[in-house]
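S.K.:
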Amino acid sequence: MKSLKTLAAAIVTLALTACGTGNTTTEKWTSLMPDQELKNWRIPNGEPDPATSPEEIVVSGNKVMIYAPSDVEAPLPEFRNFILKAQVLTEPDAASSMWIRHGEGYGYEIALGNRRLDAGRLQRGSLVNIRNIYKSMAPDGEWYDLEVEVKGQNITVKIDDILLVDYVEPAEPYRLQSELGIGLLGTGGGTFVIDSYEGTTRVRDMQIRQLPDDATGRTDAIDETTDRVIRLQQEGFPVIDHHVHLKGWPQEQAMDNSRRVGIFYAIAPNCGIGFPITSDADVSNFIDTTRNLPAYMAMQGEGREWPTTFSAGSRKMFDWVFTDALTFTDTKGRRVRLWIDDEVIIDIPEQQYMDLIVDKTVEVISGEPIDIFVNPFFLPTAMMDDYDALWTDARIEKVIDALVENGVALEVNARYRIPNAKTIKAAMAAGVPLTFGTNNGDPDLGKLEYCFEMMDECGITAEHMFWPEYN
Numbered sequence: 006m007k008s009l010k011t012l013a014a015a016i017v018t019l020a021l022t023a024c025g026t027g028n029t030t031t032e033k034w035t036s037l038m039p040d041q042e043l044k045n046w047r048i049p050n051g052e053p054d055p056a057t058s059p060e061e062i063v064v065s066g067n068k069v070m071i072y073a074p075s076d077v078e079a080p081l082p083e084f085r086n087f088i089l090k091a092q093v094l095t096e097p098d099a100a101s102s103m104w105i106r107h108g109e110g111y112g113y114e115i116a117l118g119n120r121r122l123d124a125g126r127l128q129r130g131s132l133v134n135i136r137n138i139y140k141s142m143a144p145d146g147e148w149y150d151l152e153v154e155v156k157g158q159n160i161t162v163k164i165d166d167i168l169l170v171d172y173v174e175p176a177e178p179y180r181l182q183s184e185l186g187i188g189l190l191g192t193g194g195g196t197f198v199i200d201s202y203e204g205t206t207r208v209r210d211m212q213i214r215q216l217p218d219d220a221t222g223r224t225d226a227i228d229e230t231t232d233r234v235i236r237l238q239q240e241g242f243p244v245i246d247h248h249v250h251l252k253g254w255p256q257e258q259a260m261d262n263s264r265r266v267g268i269f270y271a272i273a274p275n276c277g278i279g280f281p282i283t284s285d286a287d288v289s290n291f292i293d294t295t296r297n298l299p300a301y302m303a304m305q306g307e308g309r310e311w312p313t314t315f316s317a318g319s320r321k322m323f324d325w326v327f328t329d330a331l332t333f334t335d336t337k338g339r340r341v342r343l344w345i346d347d348e349v350i351i352d353i354p355e356q357q358y359m360d361l362i363v364d365k366t367v368e369v370i371s372g373e374p375i376d377i378f379v380n381p382f383f384l385p386t387a388m389m390d391d392y393d394a395l396w397t398d399a400r401i402e403k404v405i406d407a408l409v410e411n412g413v414a415l416e417v418n419a420r421y422r423i424p425n426a427k428t429i430k431a432a433m434a435a436g437v438p439l440t441f442g443t444n445n446g447d448p449d450l451g452k453l454e455y456c457f458e459m460m461d462e463c464g465i466t467a468e469h470m471f472w473p474e475y476n
């Protein structure tokens, strides 16, 4: 991606300087499309794409287009508070973005295309390196509606009327040295830049409605001086909670929390006999009712009969499928759920019971159609005092070998604080992809604190993380 310094240099090349022209408030929508002479969108040291017209802006290859007045001597426009609307189409493999409120080295970047721009694999609608979106909410090759609103320190981004970003810039925003210019340029304003890296991007019907200088939106900013999430966003690490339940939590409340804290969620319904989703029809209904949520959808298989309860077609409606090995039948034929103390009857030597847990774990990983193994290396309360002694190197290796042989990722679980660092390092050494997950029992998700602890202790990077095949 081009840096803010590169774009600032482009502005200097155009011999334009931002100065205080003020913001003209209007209830009317004003077109930002090129005029008949194509002069109000300029390309430093170049010409517009031959396909660009007053009806459609076309940007191909490595090129920058800056919205500027026709008069070269005039200052850059200073749009401060506004609602911007446009229709955008990115051809397959196009990488591009739009900068808003851009001055000399300041502004925010919004991804326009679905492209793996870096290790974070940002998707369209991302407020780049501030609130990253990891799942595409609109396909390449089709027109989608983009809406960006700035009110005071609040920036929102919508695609096809789906709210993806709702960010509040704090008084002291945290920025890496390479990202120091990402910001709203104080109380000033800025112009718009369409920034193409490669491929072709098309923009039409781009228009703006300016809002009063004192317009305000949300003001509940996160304190970024201590926030780990904003640091990881700027470092290109995919900040995703792969294991979120809507337990006592309306969909929109969950999405609001995701947008506020900056952690992208995977919503995981419990699927199996005796759980909320028990059939293919239930799966179809769930997908229909969550289709417009800016989140991944994950199936959590429950019990050991779930692979035959749901068809392969239903499983493929989800972005990924996971299960755990906490439910099994013990040596006496009793159904056991390891997290329920009353169901854990250890009437054989503890070492034999531990071998039973390991064997059942390997059976699940090897025999069930999953992408991720969750709640891993869990032990019941009665065995927790001997946790490290029971999870011997040989037992850990047996489970990890099953993960490798079956191409299954391993969850680092924030709720139960498992696995431990030794196990995570062994999995990483074996090439097992990792996910971060909460498995919340109520709306108190936290912010993946244990997962971040393990990042530091184990050296987890973006390259160690799991991605669905299509992403």
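Residue numbers (the working numbering): 6 to 476.
Think of the CB as a built atom: it goes at the ideal place given N, C-alpha and C, for glycine as much as any other residue.
Take the Cβ of Y478 as the centre, count every other Cβ of all protein chains shown within 10 Å, and call the residue buried at 16 or more, exposed below.
M.R.: The structure shown does not extend to residue 478, since the chain is modelled only from 6 to 476, so the question has no answer here.
S.K.: I'd like the list of long-range same chain contacts for F242, defined as Cβ closer than 6 Å, with 5 residues on each side in sequence excluded.
M.R.: Along the sequence shown, one-based indexing puts residue 242 at 237. Once the five neighbours on either side are set aside, the close Cβ partners of F242 are A467.
S.K.: Quick one: give me the first and last residue of the alpha helix (DSSP H) that Y455 is part of.
M.R.: Taking the first residue of the sequence shown as position 1, residue 455 is located at position 450. First-last of the alpha helix (DSSP H) with Y455: 454 to 463.
S.K.: Out of S65, M459, G436, E458, state which residue places its alpha-carbon closest to the alpha-carbon of Y202.
M.R.: Along the sequence shown, one-based indexing puts residue 202 at 197. Minimum Cα distance to Y202 is reached at S65.
S.K.: From L216 to L132, what does the alpha carbon distance come to, in whole angstroms?
M.R.: By one-based count along the sequence shown, residue 216 stands at place 211. By one-based count along the sequence shown, residue 132 stands at place 127. Answer to the nearest angstrom: the Cα atoms are 21 Å apart.
S.K.: Work out the CA separation of E184 and G112 for me, nearest whole Å.
M.R.: In the sequence shown, the residue the question calls residue 112 occupies position 107. In the sequence shown, the residue the question calls residue 184 occupies position 179. When rounded, the distance between both Cα atoms is 10 Å.
S.K.: Using DSSP with H/G/I as helix, E/B as strand and the rest coil, what is Q210?
M.R.: Counted from its first residue, the sequence shown places residue 210 at position 205. The sequence given here has Asp at residue 210, not Gln. Correct three-state label for D210: strand.
S.K.: Within 10 angstroms of its Cβ, does L181 collect 16 or more other Cβ (buried), or is it exposed?
M.R.: Here residue 181 refers to the residue found at position 176 of the sequence shown. Answer is exposed; the Cβ neighbour count stays below 16.
S.K.: Would you give the residue range spanned by the beta strand (DSSP E) that L89 belongs to?
M.R.: In the sequence shown, the residue the question calls residue 89 occupies position 84. First-last of the beta strand (DSSP E) with L89: 87 to 95.
S.K.: Where Q158 and I350 are concerned, what is the direct C-alpha to C-alpha distance, given to the nearest angstrom?
M.R.: The residue given as residue 158 occupies position 153 in the sequence shown. The residue given as residue 350 occupies position 345 in the sequence shown. When rounded, the distance between both Cα atoms is 57 Å.
S.K.: Report the option in G446, M459, L453 whose CA atom is closest to the CA atom of G253.
M.R.: Along the sequence shown, read from residue 1 onward, the residue named residue 253 stands at position 248. G253 has its Cα closest to that of G446, out of G446, M459, L453.
S.K.: I need the boundaries of the alpha helix (DSSP H) containing Q305, first residue and last residue.
M.R.: If you number the sequence shown from 1, residue 305 lands on position 300. Q305 -> not in any alpha helix (DSSP H); beta strand (DSSP E) instead, spanning 301 to 306.
S.K.: I need the straight-line Cα distance from R265 to D171, nearest angstrom please.
M.R.: Working through the sequence shown from its first residue, we reach residue 265 at position 260. Working through the sequence shown from its first residue, we reach residue 171 at position 166. Rounded to the nearest angstrom, the two C-alpha atoms are 7 Å apart.
S.K.: Identify which residue in L251, M142, T294, V173 has its Cα closest to the Cα of I164.
M.R.: Numbered from its first residue, the sequence shown carries residue 164 at position 159. Among L251, M142, T294, V173, the Cα nearest to that of I164 is on M142.
S.K.: Would you report the Cα separation of Q256 and H250, rounded to the nearest angstrom?
M.R.: For the purposes of this step, residue 256 is taken as residue 251 along the sequence shown, with counting starting at 1. For the purposes of this step, residue 250 is taken as residue 245 along the sequence shown, with counting starting at 1. Rounded to whole angstroms, Q256 to H250 spans 10 Å at the Cα level.
S.K.: Helix, strand or coil: which one does DSSP assign to V288?
M.R.: As a working note, residue 288 is residue 283 in the sequence shown. Three-state result, V288: helix.
S.K.: Quick check on the DSSP output: what are the complete beta strand (DSSP E) runs of length 3 or more inside the segment 331 to 396, in order along the chain?
M.R.: DSSP runs (the beta strand (DSSP E)) wholly in the segment 331 to 396: 332 to 334, 340 to 342.
S.K.: Suppose only complete runs of 3+ residues qualify. What are the beta strand (DSSP E) ranges in the segment 204 to 262, listed by chain order?
M.R.: With a minimum length of 3 residues, the continuous beta strand (DSSP E) runs that stay inside the segment 204 to 262 are 205 to 215, 245 to 249.
S.K.: According to DSSP, is A124 part of a helix, a strand, or is it coil?
M.R.: What you label residue 124 is simply residue 119 of the sequence shown in a count that begins at 1. Model confidence at A124 stands at a pLDDT of 47, short of 50, so the residue's coordinates are unreliable; what they give is reported in the following sentence. A124 falls in the coil class under three-state DSSP.
S.K.: Grouping DSSP H, G and I as helix and E and B as strand, with all else coil, what is V413?
M.R.: Residue numbering aside, residue 413 sits at position 408 when the sequence shown is read from its first letter. Three-state result, V413: coil.
S.K.: Distance check for I62 and M38, CA to CA, integer angstroms please.
M.R.: Reading the sequence shown from its first residue, position 33 is the one you call residue 38. Reading the sequence shown from its first residue, position 57 is the one you call residue 62. Answer to the nearest angstrom: the Cα atoms are 7 Å apart.
S.K.: Does the Cβ-Cβ distance between M302 and R320 come in under 9 Å?
M.R.: Position 297 of the sequence shown, counted from the start, is the residue given in the question as residue 302. Position 315 of the sequence shown, counted from the start, is the residue given in the question as residue 320. No, the Cβ-Cβ distance between M302 and R320 is not below 9 Å.
S.K.: Does DSSP put G118 in a helix, a strand or coil?
M.R.: For the purposes of this step, residue 118 is identified with residue 113 of the sequence shown, where counting begins at 1. It is coil, neither helix nor strand.
S.K.: Smallest Cα separation from P385: which of L331, A435, A426?
M.R.: Sequence index remark: in the sequence shown, residue 385 carries index 380 (1-based). Comparing Cα positions, the closest option is L331.
S.K.: Just mark D461 as buried or exposed, buried being the case when its beta carbon has 16 or more other beta carbons within 10 Å.
M.R.: For this step, residue 461 is matched to residue 456 along the sequence shown. Its Cβ having fewer than 16 others within 10 Å, D461 is exposed.
S.K.: Which one of P178, V153, D376, I187 has the shortest CA to CA distance from H107?
M.R.: The sequence position of residue 107 within the sequence shown is 102, counting from 1. Among P178, V153, D376, I187, the Cα nearest to that of H107 is on I187.
S.K.: How long is the line joining the alpha carbons of S316 and I375, rounded to whole angstroms?
M.R.: Indexing the sequence shown from 1 puts residue 316 at position 311. Indexing the sequence shown from 1 puts residue 375 at position 370. So the two alpha carbons sit approximately 13 Å from each other.
S.K.: Given a threshold of 16 other Cβ atoms within 10 Å of its Cβ, counted over all protein chains shown, does M3 qualify as buried or as exposed?
M.R.: Look at the range of the chain in this structure, 6 to 476, and you will see that residue 3 is not part of it.
S.K.: Taking the alpha carbon of A426 as the point to measure from, which residue in R126, T366, W396, G451 has its own alpha carbon closest?
M.R.: Within the sequence shown, residue 426 is the residue found at index 421, counting from 1. That would be W396, whose Cα lies nearest to the Cα of A426.
S.K.: Within the continuous alpha helix (DSSP H) that includes K427, where are the two ends?
M.R.: What you label residue 427 is simply residue 422 of the sequence shown in a count that begins at 1. First-last of the alpha helix (DSSP H) with K427: 426 to 434.
S.K.: Name the DSSP beta bridge partners of H107, please?
M.R.: As a first step, residue 107 is located in the sequence shown; it is residue number 102 there, counting from the start. Its beta-bridge partners are T196.
S.K.: Once you ignore the five residues that flank P82 on each side, which residues in its own chain have a CB closer than 6 Å to its CB?
M.R.: As a first step, residue 82 is located in the sequence shown; it is residue number 77 there, counting from the start. Hits under 6 Å: T196.
S.K.: I need the boundaries of the beta strand (DSSP E) containing T440, first residue and last residue.
M.R.: Taking the first residue of the sequence shown as position 1, residue 440 is located at position 435. Note, T440: beta strand (DSSP E), 439 to 442.
S.K.: Does the beta-carbon of P156 have 16 or more other beta-carbons within 10 angstroms, so that it is buried, or is it exposed?
M.R.: Here residue 156 is taken as the residue at index 151 of the sequence shown, counted from 1. The sequence shown places Lys at residue 156, rather than the Pro named in the question. Label assigned to K156: buried.
S.K.: What does the alpha-carbon distance come out to for the pair N275 and D246?
M.R.: Position 270 of the sequence shown, counting from 1, holds the residue named residue 275. Position 241 of the sequence shown, counting from 1, holds the residue named residue 246. So the alpha carbons of these two residues sit roughly 16 Å apart.
S.K.: Roughly how many angstroms separate the alpha carbons of A271 and T283, rounded to a whole number?
M.R.: Here residue 271 corresponds to residue number 266 of the sequence shown, with the count starting at 1. Here residue 283 corresponds to residue number 278 of the sequence shown, with the count starting at 1. Cα to Cα, A271 sits roughly 20 Å from T283.
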